[in-house]
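Only one structure is covered here, and it is reproduced in the block below.
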Amino acid sequence: MGFSRILVPVGGSGAAEESMRLACRLARKGKAQIWSVYVITIKRSLPIDAEIESETQKAESILDHVEDVAEEEGFTVETDIVQAREAGPAIIDEAVERKVNLILMGIQHKTRFGQFSLGSVVPYVLKNAPCPVILFQK
Numbered sequence: 544m545g546f547s548r549i550l551v552p553v554g555g556s557g558a559a560e561e562s563m564r565l566a567c568r569l570a571r572k573g574k575a576q577i578w579s580v581y582v583i584t585i586k587r588s589l590p591i592d593a594e595i596e597s598e599t600q601k602a603e604s605i606l607d608h609v610e611d612v613a614e615e616e617g618f619t620v621e622t623d624i625v626q627a628r629e630a631g632p633a634i635i636d637e638a639v640e641r642k643v644n645l646i647l648m649g650i651q652h653k654t655r656f657g658q659f660s661l662g663s664v665v666p667y668v669l670k671n672a673p674c675p676v677i678l679f680q681k
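No gaps in the numbering here: position 2 of the sequence shown is 545 in this note's numbering, and each next residue is one more.
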């Protein structure tokens, strides 16, 4: 199974680094292109293009780290910050726009009310993805 276009959505969890390393390993086999996206979710009370300095700085820091990890693995990764009302649809839009054939998402083990929880983004991506999705749990 070879992948030529890989999307790696990253967020605030500690799984971003390991996800990028795995994407680079998968990309090496097929000489794939890798994109990484950070979605800043904007509250409905704000305009969609509102600048939230703290979130932008956080996104840039995470994406810079992901670029460094890819460089260590011998890859160049394109990064982008997207502002949206919800992360799930934004990730799917990026996947469709870039015509990726793999979405690789890192998730952190978390519980909600004592039960394992994937949150809302991962199930949305799994349900609506136009390509295979790999979940990497840290």
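Quick reminder that beta carbons are idealized off the backbone N, C-alpha and C, glycines included.
- Going by DSSP, name the residue or residues bridged to residue 548. 576
Query raised in the report: Roughly how many angstroms lie between the CA atoms of residue 641 and residue 614, to the nearest whole one?
Result: 21 Å
### Query
Based on Cα-Cα distance, which residue from 666, 617, 623 lies nearest to residue 574?
617
**Request:** Please name the residue in 659, 624, 619 whose C-alpha comes closest to that of residue 594.
**Result:** Nearest of 659, 624, 619 to residue 594, Cα basis: 624.
Exercise. DSSP on residue 591, reduced to helix/strand/coil?
Worked result: coil
Given this structure, state the Cα-to-Cα distance separating residue 551 from residue 586, to the nearest angstrom. 24 Å
Helix or strand or just coil, what does DSSP make of residue 613?
helix
Exercise. Output the boundary residues of the beta strand (DSSP E) element that contains residue 627.
Key: 620-627
Which residues bound the alpha helix (DSSP H) around residue 669?
-> 664-671
What first and last residue would you give for the alpha helix (DSSP H) that runs through residue 639?
630-641 is the span of the alpha helix (DSSP H), which, as asked, contains residue 639.
* To do: Just confirm the distance between the C-beta atoms of residue 668 and residue 676, as a whole number of angstroms; I'd bet it's less than 8 Å.
  => 6 Å
Could you give the first and the last residue of the continuous beta strand (DSSP E) run that contains residue 649? 645-650
Worksheet item: How should residue 651 be labelled, buried or exposed, when 16 other C-beta atoms within 10 angstroms of its C-beta is the threshold for buried?
Response: exposed
Other residues of its chain near residue 602: CB distance less than 8 Å, five sequence neighbours each side excluded:
581, 583, 624
| CA-CA distance, residue 577 and residue 596? | Separation of residue 577 and residue 596 (C-alpha to C-alpha, rounded to the nearest whole angstrom) is 26 Å.
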